[in-house]
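A.B. asks: The structure under discussion is supplied below as structure tokens; questions concerning it will follow.
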Amino acid sequence: GMVLAFVIAAVMNFASYFFSDKIALSMYRAQPVTREQLPRVYQVVERMTQRIGLPMPKIYVIPTDSPNAFATGRNPQHASVAATRGILNLLDDEELEGVLAHELGHVRNRDILTSSVAATLAGAITLLARMGFWASLFGGGGDSRDRRDGGGFTALLMIILAPIAAMLIQLAVSRSREYEADASGAKLTGNPYALARALQKLDAYSKRVPMIATPSTAHLFIVAPLLGSGGFANLFSTHPPMAKRIERLTGHTQI
95 GMVLAFVIAA
105 VMNFASYFFS
115 DKIALSMYRA
125 QPVTREQLPR
135 VYQVVERMTQ
145 RIGLPMPKIY
155 VIPTDSPNAF
165 ATGRNPQHAS
175 VAATRGILNL
185 LDDEELEGVL
195 AHELGHVRNR
205 DILTSSVAAT
215 LAGAITLLAR
225 MGFWASLFGG
235 GGDSRDRRDG
245 GGFTALLMII
255 LAPIAAMLIQ
265 LAVSRSREYE
275 ADASGAKLTG
285 NPYALARALQ
295 KLDAYSKRVP
305 MIATPSTAHL
315 FIVAPLLGSG
325 GFANLFSTHP
335 PMAKRIERLT
345 GHTQI
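95 is the number of the first residue of the sequence shown in our numbering; add one for each residue after it.
Shown next, in the form of structure tokens:
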């Protein structure tokens, strides 16, 4: 049962891992841009990729005024970096460099692969819980009423709690990858304050001009496009609290 659940989850997530870039880019109507159209971004990305030995990713612009950015692609050879029109208008050159370095951190750290593995494990746990539930209801041996009263209740509890636990693990992985990409970006530019300033601006402006995003792609963005913060909501967030991200970069919760 465990092997079957893992295989089913792996097959489902392999497809999303392989085509994640095309799905995400088309979902947000991202347009490919040339060096001539967007020299400001190309020059920064070329300089940084050469410094750390990464291939040049494809560059896209998303036609929305909500300021945000993401990287996608199954490996560095198939990477794409997408920035919204809003982020290009909002940030100065140093801040934009910090954001692009953060996104290249995701590419270098192979975070799409990491999140796909986490999704596979989460999917397998959820499937196992469902299989366990049906097995407890219809499995052989013992008195059927005992199965329904005792095993049935335990299995029902399992089918409710297991997917929640799996999702919490997946979200915790997503948050840890954001911290790691922040650290990678700050190290690459040598300017953690510029990235911290960018994050503070993005946090404020993305609330004023919210992005229409799907829960399945929310983890890709540099700032969470789905609102909800503080206390219990942090457990169910794809991103760490902004004050903590800024504090890790600068030693202060605000700059």
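By construction, the Cβ of each residue, glycine as well, lies at the ideal position given by its N, Cα and C atoms. Given the structure is predicted, the values throughout are model-derived calculations rather than measurements.
Please state if the CB of A163 and the CB of S174 are separated by a distance shorter than 8 Å.
C.D. replies: Result no, Cβ atoms of S174 and A163 do not sit closer than 8 Å.
A.B. asks: Span of the beta strand (DSSP E) holding T143?
C.D. replies: No beta strand (DSSP E) holds T143; the alpha helix (DSSP H) holding it covers 133–146.
A.B. asks: Taking the beta carbon of F247 as the centre, do at least 16 other beta carbons fall within 10 Å, making it buried, or is it exposed?
C.D. replies: The residue in question, F247, is exposed, as its Cβ has fewer than 16 Cβ neighbours within 10 Å.
A.B. asks: Leaving out the 5 sequence neighbours to the left and right, which residues in its chain are closer than 8 Å to H172 when beta-carbon positions are compared?
C.D. replies: Once the five neighbours on either side are set aside, the close Cβ partners of H172 are D115.
A.B. asks: Do the segment 268–275 and the segment 128–147 touch if we need at least three Cβ pairs shorter than 8 Å?
C.D. replies: At 8 Å Cβ cutoff, the stretches do not touch.
A.B. asks: Going by DSSP, what residue range makes up the beta strand (DSSP E) through L174?
C.D. replies: A small correction: the amino acid at residue 174 is Ser; Leu does not occupy that position in the sequence shown. Taken as a continuous stretch (DSSP letters only), the beta strand (DSSP E) holding S174 covers 174–178.
A.B. asks: Can you find at least 3 beta carbon pairs, one from the segment 333–340 and one from the segment 147–156, that sit closer than 8 Å?
C.D. replies: Judged by Cβ distances under 8 Å, the segment 333–340 makes no contact with the segment 147–156, as fewer than three pairs qualify.
A.B. asks: Just to check my reading of the structure: A195 and T283 have Cβ atoms closer than 8 Å, yes? What is that Cβ distance to the nearest angstrom?
C.D. replies: Yes, A195 and T283 are in contact; Cβ-Cβ is about 5 Å, under 8 Å.
A.B. asks: Quick check: the Cα distance between P133 and V101, rounded to an integer number of angstroms?
C.D. replies: Their Cα atoms are separated by approximately 45 Å.
A.B. asks: Can you tell me where the alpha helix (DSSP H) with Y299 in it begins and where it stops?
C.D. replies: Per DSSP, Y299 belongs to the alpha helix (DSSP H) from 286–302.
A.B. asks: If we count the other Cβ atoms within 10 Å of its Cβ and call it buried at 16 or more, is G167 buried or exposed?
C.D. replies: G167 should be labelled buried.
A.B. asks: Go ahead and label R308 buried or exposed: buried means 16 or more other beta carbons lie within 10 angstroms of its beta carbon, across all protein chains shown.
C.D. replies: Reading off the sequence, residue 308 comes out as Thr, not Arg. With fewer than 16 Cβ atoms within 10 Å of its Cβ, T308 is classed as exposed.
A.B. asks: Per DSSP, which one or two residues make a beta bridge with Q125?
C.D. replies: Q125 pairs with V155.
A.B. asks: Look at the alpha carbon of P170 and the alpha carbon of Q131, and state the distance between them as a whole number of angstroms.
C.D. replies: Going by the C-alpha atoms only, they are around 23 Å apart.
A.B. asks: Residues bridged to T166 by DSSP?
C.D. replies: DSSP, once it has assigned bridges, lists S174 as partnering T166.
A.B. asks: Excluding the 5 residues flanking E341 on each side, which residues of the same chain have their C-beta closer than 7 Å to its C-beta?
C.D. replies: Cβ within range, chain order: T347.
A.B. asks: Let me check understanding here. Comparing Cα to Cα, which of A288, D159, S268, R202 lies closest to G192?
C.D. replies: Measuring from the Cα of G192, the nearest candidate turns out to be A288.
A.B. asks: Whole angstroms is fine: what's the gap from G235's alpha carbon to N203's?
C.D. replies: Because the pLDDT of G235 is 48, which lies under 50, any placement of that residue in the model is unreliable, and the number read from its coordinates should be weighed accordingly. If I take the Cα positions, the gap works out to 50 Å.
A.B. asks: Measure the C-alpha to C-alpha separation of F113 and A124 and round it to an integer number of angstroms.
C.D. replies: Between F113 and A124, the C-alpha separation is close to 15 Å.
A.B. asks: In or out: I306 buried (at least 16 other Cβ within 10 Å) or exposed?
C.D. replies: I306 is exposed by the Cβ-count criterion.
A.B. asks: Go ahead and pull the three-state DSSP assignment for F330.
C.D. replies: Residue state, collapsed to three classes: coil.
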